[in-house]
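In our numbering, the protein residues as written are 6 to 225.
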């Protein structure tokens with residue numbers, strides 16, 4: 006697994022989270038609320054399709070359990086292969102990210118943009134029993150797909166695995182369910198756990214170099 010990818014994701018997401026908290030969260034939410042982007046079909050339909058495919062509404066922990074099952078079965082049938090470890094990491098990282106997200110929601114109690122617009126009061130947004138910070142959808146998809154992207158050797162597939170949670174984050178902004186810092190904070194959490202998983206795998210399951218074929222002896 007490439008530890009550089011989650012490191013870069015963590016840095017970029019942390020920068021967006023800081024920018025949102027300090028400057029952008031409110032004006033961006035107000036701009037989306039007043040524009041045609043709010044609740045656009047490309048966000049509603051696309052996110053519904055992804056959530057259905059991931060089984061999110063059937064059971065929130067289903068995708069992570071499937072990833073763990075694929076990893077465990079892979080270890081049994083393909084001993085020595087590296088790809089089952091990526092699936093195990095995806096399941097573990099997603100569980101850790103989701104649990105951290107749930108703790109954050111219960112602690113910070115931030116209102117969602119739609120709730121703030123309904124109340125019309127920006128003076129009390131935090132610690133009022135809301136569930137906006139950090140984003141659950143962003144935690145779900147970054148936690149599941151970022152470890153797979155870090156382990157994927159195919160560039161275009163790695164780009165797809167990163168593009169999906171990025172789309173989800175943008176969609177949640179467009180649906181007025183989250184602020185920029187909400188989705189970025191979840192990406193930071195997932196990236197941190199992914200980096201830790203990469204470090205642990207490289208430390209405890211180092212890649213074994215392939216044996217080189219013996220050179221044929223020169224004829225006498």
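Cβ coordinates follow ideal geometry from the N, Cα and C atoms, glycine included. Because the structure is a prediction, the values reported are computed rather than measured.
Nearest candidate by alpha-carbon position, reference residue i, set the options
| i | options | result |
| --- | --- | --- |
| residue 117 | 104, 133, 73 | 133 |
| residue 21 | 95, 169, 186, 156 | 186 |
| residue 33 | 208, 196, 175, 206 | 175 |
| residue 65 | 158, 198, 99 | 99 |
| residue 17 | 52, 167, 125 | 167 |
| residue 23 | 197, 208, 190 | 190 |
Neighbourhood of residue i by C-beta distance below 8 Å, restricted to the same chain and skipping five residues each side
| i | result |
| --- | --- |
| residue 38 | 118, 122, 181 |
| residue 30 | 184, 185, 186 |
| residue 204 | 8 |
| residue 88 | 79, 156 |
| residue 19 | 189, 193 |
Residue i vs residue j beta-carbon contact at 8 Å
| i | j | result |
| --- | --- | --- |
| residue 68 | residue 149 | yes |
| residue 194 | residue 154 | no |
| residue 147 | residue 131 | no |
| residue 94 | residue 170 | no |
| residue 172 | residue 101 | no |
| residue 81 | residue 206 | no |
| residue 138 | residue 115 | yes |
| residue 70 | residue 96 | yes |
Coarse secondary structure for residue i, derived from DSSP in three states
| i | result |
| --- | --- |
| residue 120 | helix |
| residue 38 | helix |
| residue 238 | Residue 238 lies beyond the range of the chain shown here (6 to 225); nothing can be said about it. |
| residue 44 | coil |
| residue 70 | helix |
| residue 93 | helix |
| residue 137 | coil |
| residue 225 | Any reading at residue 225 is ruled out, since the residue's pLDDT is 41, under 50, leaving its predicted position unreliable. |
| residue 203 | helix |
| residue 130 | coil |
| residue 65 | coil |
| residue 24 | helix |
| residue 6 | coil |
| residue 85 | coil |
| residue 115 | coil |
| residue 151 | helix |
| residue 158 | coil |
| residue 60 | coil |
| residue 125 | coil |
Residues of its chain near residue i, where Cβ-Cβ distance is below 6 Å and the 5 sequence neighbours each way are ignored
| i | result |
| --- | --- |
| residue 110 | 136 |
| residue 92 | 72, 75, 76 |
| residue 163 | 154, 157 |
| residue 59 | 68 |
Contact set for residue i: own chain, Cβ-Cβ below 7 Å, skip 5 residues either direction
| i | result |
| --- | --- |
| residue 188 | 140, 143, 174, 177, 178 |
| residue 11 | 151, 155, 196, 199, 200, 203 |
| residue 126 | none |
| residue 62 | 56 |
| residue 218 | Only weak support exists for where residue 218 lies, its pLDDT of 47 falling under 50; the value from the coordinates is given anyway. Result list for residue 218: empty, nothing under 7 Å. |
heavy atom of the ligand ATP below 7 Å from residue i C-beta
| i | result |
| --- | --- |
| residue 66 | Among the ligands in the structure shown, none appear at all, so the ligand ATP cannot be discussed. |
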